[in-house]
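K.L.:
Each protein sequence line maps, in turn, to chains A and B. Residue 168 in numbering that gives the first Met the number 0 is what sits at position 169 of the first sequence, and the numbering runs on without skipping anything. Residue 153 in numbering that gives the first Met the number 0 is what sits at position 154 of the second sequence, and the numbering runs on without skipping anything.
Number of protein chains: 2
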Amino acid sequence: MLDEELLVRTLLNHELDLFREEYFNLHPYDRAQFYLRLDPELRERIYEFLSPEEMADIFENLDADDDEYEPILTQMNPQYAADMLSNMYTDDAVDVLNELNKDQVASYLTIMNKTSAQEIKDLLHYEEYTAGSIMTTEFVSIPEHSTVRSAMAILRNKAPSAETIYYTFVINEEQKLSGVVSLRDIITADEDSLIKEIMSDRVVSVSVGQDQEEVARTMKDYDFLALPVVDFQDHLLGIITVDDIMDVLEEEASDDYSKLAGISDMDSRDRTPFGAAKKRLPWLIALLFLGMLTANLIGRFEATLEQVAILAVFIPLIAGMAGNTGTQALAVAIRSIATGDIEDESKWRLILREAGTGLITGTTCGIIVIGIVYVWKSSLFLGLLVGVSILASLIVATIAGSLVPLIMHRFNIDPAVASGPFITTINDIFSILIYFGIATTFMSYLV
Amino acid sequence: MLDEELLVRTLLNHELDLFREEYFNLHPYDRAQFYLRLDPELRERIYEFLSPEEMADIFENLDADDDEYEPILTQMNPQYAADMLSNMYTDDAVDVLNELNKDQVASYLTIMNKTSAQEIKDLLHYEEYTAGSIMTTEFVSIPEHSTVRSAMAILRNKAPSAETIYYTFVINEEQKLSGVVSLRDIITADEDSLIKEIMSDRVVSVSVGQDQEEVARTMKDYDFLALPVVDFQDHLLGIITVDDIMDVLEEEASDDYSKLAGISDMDSRDRTPFGAAKKRLPWLIALLFLGMLTANLIGRFEATLEQVAILAVFIPLIAGMAGNTGTQALAVAIRSIATGDIEDESKWRLILREAGTGLITGTTCGIIVIGIVYVWKSSLFLGLLVGVSILASLIVATIAGSLVPLIMHRFNIDPAVASGPFITTINDIFSILIYFGIATTFMSYLV
Chain A
0 MLDEELLVRT
10 LLNHELDLFR
20 EEYFNLHPYD
30 RAQFYLRLDP
40 ELRERIYEFL
50 SPEEMADIFE
60 NLDADDDEYE
70 PILTQMNPQY
80 AADMLSNMYT
90 DDAVDVLNEL
100 NKDQVASYLT
110 IMNKTSAQEI
120 KDLLHYEEYT
130 AGSIMTTEFV
140 SIPEHSTVRS
150 AMAILRNKAP
160 SAETIYYTFV
170 INEEQKLSGV
180 VSLRDIITAD
190 EDSLIKEIMS
200 DRVVSVSVGQ
210 DQEEVARTMK
220 DYDFLALPVV
230 DFQDHLLGII
240 TVDDIMDVLE
250 EEASDDYSKL
260 AGISDMDSRD
270 RTPFGAAKKR
280 LPWLIALLFL
290 GMLTANLIGR
300 FEATLEQVAI
310 LAVFIPLIAG
320 MAGNTGTQAL
330 AVAIRSIATG
340 DIEDESKWRL
350 ILREAGTGLI
360 TGTTCGIIVI
370 GIVYVWKSSL
380 FLGLLVGVSI
390 LASLIVATIA
400 GSLVPLIMHR
410 FNIDPAVASG
420 PFITTINDIF
430 SILIYFGIAT
440 TFMSYLV
Chain B
0 MLDEELLVRT
10 LLNHELDLFR
20 EEYFNLHPYD
30 RAQFYLRLDP
40 ELRERIYEFL
50 SPEEMADIFE
60 NLDADDDEYE
70 PILTQMNPQY
80 AADMLSNMYT
90 DDAVDVLNEL
100 NKDQVASYLT
110 IMNKTSAQEI
120 KDLLHYEEYT
130 AGSIMTTEFV
140 SIPEHSTVRS
150 AMAILRNKAP
160 SAETIYYTFV
170 INEEQKLSGV
180 VSLRDIITAD
190 EDSLIKEIMS
200 DRVVSVSVGQ
210 DQEEVARTMK
220 DYDFLALPVV
230 DFQDHLLGII
240 TVDDIMDVLE
250 EEASDDYSKL
260 AGISDMDSRD
270 RTPFGAAKKR
280 LPWLIALLFL
290 GMLTANLIGR
300 FEATLEQVAI
310 LAVFIPLIAG
320 MAGNTGTQAL
330 AVAIRSIATG
340 DIEDESKWRL
350 ILREAGTGLI
360 TGTTCGIIVI
370 GIVYVWKSSL
380 FLGLLVGVSI
390 LASLIVATIA
400 GSLVPLIMHR
410 FNIDPAVASG
420 PFITTINDIF
430 SILIYFGIAT
440 TFMSYLV
């Protein structure tokens, strides 16, 4: 779809008209992708070829990593960057500015068009990851007592600048949100009817401080294309459109996924091993110390080990099974919390269910192990020891896997922080205590 | 928002009018949620109170688990169920029918309205998880040479039955897709201009056999509200709307997440421990056998262990670190494949980068370990043994974590099947081989 070579050649040869002709044949997303892949020197050429308004279009579609914005913006002429920012949809401009430091933001806001600067400042107040931080203020609202004809005129007029005109929110005399009307309803309605008569007053809104993940869930469940954002008195402050919500869904899913794997930030454009190592080392070092604790624990059973070296053979099996079961329970608990299912059923029921699951899986795996070890090592006691340890470890692991995220959720800590590797290591410790505890107690049967 | 008690009371008392009044005050999604939470006996009452058309609305919003549809449908009167299915949007009806067995599907199709049955049959052909399986055939297409006025008349006319009228796809004389025009463009255009003049011919389409995950990515990247689905000759077959895509994004994310945790299907409504155990046991038993392989491997070093029991102390540490690093590398590789980033860079570069990351993290963790073990056990050799084993294990683990999913992707196997626990266990084996290999070779320094 993209003839990149031709575009690059026109850039290098300063063929302005040819470049523009080819470039504007592309879809805005493809324009943004082409721009993002360019070397910094070639990007500088683009700024000579495109107006700040045209660049704003590209930036609205730019899917860059958070830390890519700063170098890109500082490379631009400051006035050009400021003009571009004022031409972007406010929510997108705020997304970009959130990646810069405060001094940079302040200097752009100073040289920017005053109206845009004010709109941006209003949005910058809202905390990241809230409805306020992702909403846009470029929306159309219509008073209840307008006619369909006048509403249509307003929509025609606002169509070029509003983010969406397909859902229009209706406000009453007190400027409070009172309903919603879709363009579908407007074009099929009699032109003389009042908006109040055709609007739906069952309007679902989100409050400005609400978490973006909850907003995304509401939008997905109700199949909305836009959601109104209100303050605590129901005044309409902005709207959130479905395209922003798709990004939120992707971001939150990727975030949960990374944490389950024990990576602080999933960033596949991170092309150097140093960048990747920096993001993974904090987890690994923390786990290393936890692992040392495990080593220390086993060290306390050195006397037992010296007498019965074969015990060591089953350490990875038991620890591994406990770790895997714990991760399963953890994943279920985190998803239940994320999708809101947990509010429907009591937390204790979830934990009890997990313990029950641990009992069933533990019994099954325990029996299999007893059989295998008995056949392999011809020792029923060793089989029983390993089997019973697996049973007990699996029950403890399912309880730990569900209890830890629930406790974190209770204390308003993001439960996804209790990553898979963390729960795995905790369960390693429990399972080894169980295994060596039983072995040491019944030592006489082993030697 | 929901007064469930009142609704249930009206159902129990057969208060038809009161129930309907309250019920239709709810948003369709809330109606569906209420219905889903009802006991089977109360659901039967609802069928007496609501027409099949009204029930169709509820089913379009029903977020039920896959295995819930069958019992719900068999409980309904077959003719009522068939009428309901013919009143649903074709794509939603197909989603429901896909959960039933072939006999059931055939019998519903026989007693259903003929036109709907034909539309459904056409869609049932498409394989699950393809664009064809999620598209709808209720769309509006307009010939290139229509005027804006006549297009508007068509849209007004189709508005009640089409899934969306906000994007209209334009076809040429050969019935091939030639452009797209938004309702925004139509309402702001001069009524006498031709659609051909105002449409965009840079229309992005997906082919009917394309994977739904790719479709979702295209929709998310380009911020579309609807995407046209075409056959290999560019004939317009259907459209996919953004609300279906949000479900796909959620489904795929949840799927990847479950697999990373080693659960075949994330299902939090699974309220019995037996149901949960059934879904987790296949993974656990497979891992148990892999774990036995690890035990067998360590068993081969029993002679070494009998001489130097302290070696056992560090088994969980080394295996754990390798497992965690492998999971990190795995998660990055799977996400890179899922987001399509991997096509941009060569696979070998990803693996090399991961190996580099393993070298850096391994060196860092190795040095820390040498220090701790030296201080704790006053043995430089033991420290070196554990440290070097961690370094080597981490390099192997990052390579295995990225290589395995890439190979699976190459052979068109979903790389997410290479779950976290699977990679963890594989890396347990490698790390133990490395550790005992080195220990046995340099035995003389240990005893």
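Beta carbons are placed, not taken as given, at the ideal position from N, Cα and C, and that holds for glycine.
Cβ atoms of residue 134 of chain B and residue 236 of chain B: under 8 Å apart, would you say?
P.N.:
Yes.
K.L.:
Looking at the unbroken alpha helix (DSSP H) that takes in residue 58 of chain A, where does it start and where does it end?
P.N.:
51-59
K.L.:
How do the stretch 176-193 of chain A and the stretch 138-154 of chain A stand: do at least 3 beta-carbon pairs fall below 8 Å, yes or no?
P.N.:
yes
K.L.:
Can residue 229 of chain B and residue 206 of chain B be called in contact, C-beta distance under 8 Å?
P.N.:
Taking 8 Å as the Cβ cut-off, residue 229 of chain B and residue 206 of chain B qualify as a contacting pair.
K.L.:
Check the C-beta distance from residue 297 of chain B over to residue 312 of chain A and give it rounded, since I have them as a contact under 8 Å.
P.N.:
5 Å
K.L.:
Which residues in chain A have a C-beta closer than 7 Å to the C-beta of residue 291 of chain B? List them in chain order.
P.N.:
316, 371
K.L.:
With DSSP run on the structure shown, which of helix, strand or coil describes residue 7 of chain B?
P.N.:
helix
K.L.:
Please report the straight-line C-alpha distance between residue 276 of chain B and residue 355 of chain A, rounded to a whole angstrom.
P.N.:
9 Å
K.L.:
Closer than 9 Å by beta-carbon distance: list the chain B residues that pair up with residue 194 of chain A, in chain order.
P.N.:
What residue 194 of chain A touches in chain B: nothing, since even the nearest Cβ is about 16 Å away.
K.L.:
I'd like to know if residue 260 of chain A contacts chain B, where contact means its C-beta is closer than 8 Å to some C-beta of that chain.
P.N.:
yes
K.L.:
Taking Cβ to Cβ, would you say residue 426 of chain A is nearer than 8 Å to residue 321 of chain A?
P.N.:
yes
K.L.:
Quick check on the burial criterion: 16 or more other C-beta atoms within 10 angstroms. Buried or exposed for residue 86 of chain A?
P.N.:
buried
K.L.:
Please check the pair residue 45 of chain B and residue 10 of chain B, which I expect to be a contact at CB under 8 Å, by giving their CB distance rounded to whole angstroms.
P.N.:
Yes, residue 45 of chain B and residue 10 of chain B are in contact; Cβ-Cβ is about 7 Å, under 8 Å.
K.L.:
Which value, in whole angstroms, describes the spacing of the CA atoms of residue 75 of chain A and residue 81 of chain A?
P.N.:
9 Å
K.L.:
Leaving out five residues on either side along the sequence, give the residues of the same chain with a beta carbon under 6 Å from the beta carbon of residue 282 of chain B.
P.N.:
Closer than 6 Å at the Cβ level, and outside the excluded window around residue 282 of chain B, lie 261.
K.L.:
Under 8 Å between C-beta atoms, does residue 327 of chain A make it to chain B?
P.N.:
yes
K.L.:
Near residue 176 of chain B, what residues of its chain come up, given a Cβ to Cβ distance below 8 Å and the 5 sequence neighbours on each side ignored?
P.N.:
168, 169, 170, 202, 204, 227, 229, 233, 234, 235
K.L.:
Which residues in the same chain have their Cβ closer than 7 Å to the Cβ of residue 19 of chain A, if we skip the five residues on either side of it in sequence?
P.N.:
48
K.L.:
Which residue marks the beginning of the beta strand (DSSP E) containing residue 237 of chain A, and which one marks its end?
P.N.:
Under the DSSP assignment, residue 237 of chain A falls in the beta strand (DSSP E) whose first and last residues are 235-240.
K.L.:
Which residues of the stretch 193-220 of chain B have a Cβ closer than 8 Å to any Cβ of chain A? Give them in chain order.
P.N.:
Per Cβ criterion, the list reads 201, 203, 218, 219, 220.
K.L.:
Taking 8 Å as the CB-CB limit, is residue 165 of chain B close to chain A?
P.N.:
Yes, residue 165 of chain B counts as interfacial toward chain A.
K.L.:
For the candidate residues B/399, B/375, B/386, B/403, whose alpha-carbon lies nearest to that of residue 434 of chain B?
P.N.:
B/386
K.L.:
Quick check on residue 334 of chain A: buried or exposed, where buried means 16 or more other Cβ atoms within 10 Å of its Cβ?
P.N.:
buried
K.L.:
So is residue 211 of chain B buried or exposed if we call it buried at 16+ other beta carbons inside 10 Å?
P.N.:
buried
K.L.:
Determine the chain A residues that contact residue 256 of chain B at a beta-carbon separation under 8 Å, and present them in chain order.
P.N.:
Correct list: 252, 255, 256, 259, 330, 334.
K.L.:
Kindly say whether residue 352 of chain B, judged by its beta-carbon, lies nearer than 8 Å to any beta-carbon of chain A.
P.N.:
yes
K.L.:
Using a beta-carbon distance below 8 Å, is residue 155 of chain A in contact with chain B?
P.N.:
yes
K.L.:
Distance, Cα to Cα, residue 39 of chain B vs residue 243 of chain A?
P.N.:
39 Å
K.L.:
What are the residues of the stretch 27-58 of chain B that lie near chain A, defined by any Cβ-Cβ distance shorter than 7 Å?
P.N.:
28
K.L.:
When DSSP builds the beta bridges, which residues end up paired with residue 141 of chain B?
P.N.:
B/169
K.L.:
State buried or exposed for residue 126 of chain A, treating a residue as buried only when at least 16 other CB atoms are found within 10 Å of its CB.
P.N.:
exposed
K.L.:
With distances taken between CB atoms, is the gap from residue 315 of chain A to residue 290 of chain B smaller than 8 Å?
P.N.:
yes
K.L.:
Output, in chain order, the set of chain B residues within a Cβ distance shorter than 7 Å of residue 226 of chain A.
P.N.:
Residue 226 of chain A does not reach chain B, its nearest Cβ partner there being about 12 Å away, counting only Cβ pairs nearer than 7 Å.
K.L.:
Does DSSP put residue 357 of chain B in a helix, in a strand, or in coil?
P.N.:
helix
K.L.:
Taking 8 Å as the cut-off, decide whether the C-beta atoms of residue 155 of chain B and residue 153 of chain A are in contact.
P.N.:
no
K.L.:
Counting only C-beta atoms, is residue 92 of chain B closer than 8 Å to chain A at any point?
P.N.:
no
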